[in-house]
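A.B. asks: The structure that follows is given in the form of structure tokens.
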Amino acid sequence: MYKQLTLAFNSSVGACLWALILILTPAVEASDTSPSGAEPVDNNMNFRIVADSKPSIRDDGESTADHSKVEILKGPFESGPEVTKACLSCHTEAGRHFMQSIHWTWEYDHPETGQKLGKKTLINTFCTNAKGNEGMCAQCHAGYGWKDETFDFTNQDNIDCLVCHDRTGAYYKTPNSLGNKACSMMFEGKQPVPWSKVAQSVGKPGRENCGTCHFYGGGGDGVKHGDLDSSLKRPSHDLDVHMDAEGLNFACTTCHVTRQHLWAGSRYNVMAHDTEGVGLPGERRDVATCESCHSDAPHSYSELVGSKLNGHVDKIACQTCHIPTIARGGVATKTEWDWRTAER
């Protein structure tokens, strides 16, 4: 019999491709090994339980505003929408900008094919579709109150500023509708959100802000994306050379730069090879590719091997060689999800 659920560590991309070709997923032994310096991680996928709530440190300069000194942010507040109203009283255009973002619309109009894509529209083979289960799925929507088709996408007060900008680690979202009783595990022992403290402590997003959804998508740590999990909150150099907490310490937004709340990079229109490469300082801030920093000839021409490698970059994505494996941080991922076994 096929093994319906496979937890994999260090599963190579090649293995995944062979699995697709053969339409067969062999059992893969789970490994407890992690990159050197990485903290041990619970191998169970534990829904969306976040044990480490301490925020990461951004060292790219302090803000020009101390939000703890802003009178309106002292509250009192009873809910997230009340905090949003306070935010928008100063950031008057932020709501209008954000409502154009895919994090708000969950829609994407493909510029080449004309297709309307996005979680609001698509049916995929992993989480199927959000329709009918908006209340639970919308825990990863940057808004408040979306539980059915009556949600008002034109109301700026529904925007959730804190899910991206909280820097205390004390903020969390609850479902907009009831789910399985097991989901209550996510909130066991949690204290009420200290709204005023959180509102006065906002800042640029850290890795864990993005990770609230992108690490825990699909219901658990590392479940949906084999290369995104909680090990990236404070990764070692071995795990991620750019995000290394003791090194370059990149935030997600270092590469996925934003302009008026629109982020560079798209899963629906992936740029496997950037033909333009680097630009002058300050240019090319609308892309999130390796080439936009490392150029389209990243290897040294001083040696023959560098010249040979540069001859491959027009056909082979950088990730093929430089990110050859997934789930390397000590957190398991899923390599197969067979919906025929649902509720068994």
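Take the sequence shown: its position 109, counting from 1, is numbered 113 in the working numbering, and each next residue is one higher. Just so you know, even glycine gets a beta-carbon here, dropped at the ideal spot from N, CA and C.
1. So what's Val206 in DSSP terms, helix, strand or just coil?
2. Check each candidate in Thr262, Asp170, Val261 and Pro80 and name the one with the smallest Cα separation from Ser57.
3. Threshold first: 4 residues or longer. Then list the alpha helix (DSSP H) segments lying entirely within the segment 153-229, N to C.
4. Trp343 bridges to which residues according to DSSP?
5. What residues in its chain sit with their C-beta under 6 angstroms from that of Cys294, if we drop five residues either side in the sequence?
6. Comparing C-alpha positions only, which one of Lys201, Gly139, Gly222 and Ala174 sits nearest to Gly193?
7. Does the count of Cβ pairs from the segment 134-149 and the segment 199-206 closer than 8 angstroms reach three?
8. Is it right to say Phe219 is buried, meaning 16 or more other beta carbons lie within 10 angstroms of its own, or is it exposed?
9. Determine the closest residue to Ser299 out of Glu307, Glu66 and Arg288, with distance taken between C-alpha atoms.
10. Which whole-angstrom value describes the C-beta separation of Gly333 and Leu236, a residue pair presumed to lie in contact below a C-beta threshold of 8 angstroms?
11. Classify Arg100 as helix, strand or coil using the three-state DSSP reduction.
12. Quick one: what's Gly136 bridged to in DSSP?
13. Return helix, strand or coil for Ile106, following the three-state DSSP convention.
14. Please confirm whether Glu307 and Val291 have their CB atoms less than 9 angstroms apart.
15. For Ser205, tell me which candidate among Ser72, Trp341, Ser60 and Ile61 has the shortest Cα-Cα distance.
16. Could you give the DSSP three-state label for Thr337: helix, strand or coil?
17. Do Thr88 and Ala144 count as a contact pair if the criterion is CB distance below 9 angstroms?
18. For Tyr148 and Asn162, which I take to be in contact (beta-carbon distance under 8 angstroms), what is that distance rounded to the nearest angstrom?
19. Around the C-beta of Lys338, are 16 or more other C-beta atoms found within 10 angstroms, so that it is buried, or is it exposed?
20. Just how far apart, CA to CA, sit His303 and Asn314?
21. Got a sec, what are the start and stop residues for the alpha helix (DSSP H) Thr324 sits in?
22. If contact is defined by three or more beta carbon pairs under 8 angstroms, each pair taking one atom from either stretch, is the segment 94-109 in contact with the segment 227-234?
23. Taking the alpha carbon of Arg211 as the point to measure from, which residue in Ile330, Asp152, Asp225 and Phe254 has its own alpha carbon closest?
24. Taking Trp341 as the reference, give the member of Gly222, Cys256, Gly251 and Gly269 with the closest Cα.
25. Of all the options Asn180, Thr172, Cys131 and Val167, which has the alpha carbon lying nearest to the alpha carbon of Thr154?
26. Does the distance from the C-beta atom of Cys214 to that of Cys168 stay below 9 angstroms?
27. Counting C-beta neighbours from all protein chains within 10 Å, is the total for Ser93 16 or more, i.e. buried, or is it exposed?
28. Return helix, strand or coil for Gly147, following the three-state DSSP convention.
29. Please classify Arg238 as buried or exposed, where buried requires at least 16 neighbouring CB atoms within 10 angstroms.
30. Using a threshold of 9 angstroms, state whether the C-beta atoms of Met103 and Phe157 are closer than that.
31. Within the same chain, show all residues whose beta-carbon is closer than 6 angstroms to that of Tyr305, passing over the 5 residues directly before and after it, in chain order.
32. If we count the other Cβ atoms within 10 Å of its Cβ and call it buried at 16 or more, is Ile320 buried or exposed?
C.D. replies: On the basis of the coordinates in this document:
1. strand
2. Asp170
3. 166-169, 199-203 and 211-218
4. Paired residue(s): none; Trp343 is not in a bridge.
5. Cys322
6. Ala174
7. no
8. buried
9. Arg288
10. 7 angstroms
11. helix
12. Per DSSP, none; premise fails for Gly136.
13. helix
14. no
15. Ser72
16. strand
17. First, the amino acid is wrong: residue 144 is Cys here, not Ala. Not in contact: Cys144 and Thr88 (Cβ atoms no closer than 9 angstroms).
18. 5 angstroms
19. buried
20. 6 angstroms
21. Cys322 to His326
22. no
23. Phe254
24. Gly222
25. Asn180
26. yes
27. exposed
28. strand
29. buried
30. yes
31. Ser311
32. exposed
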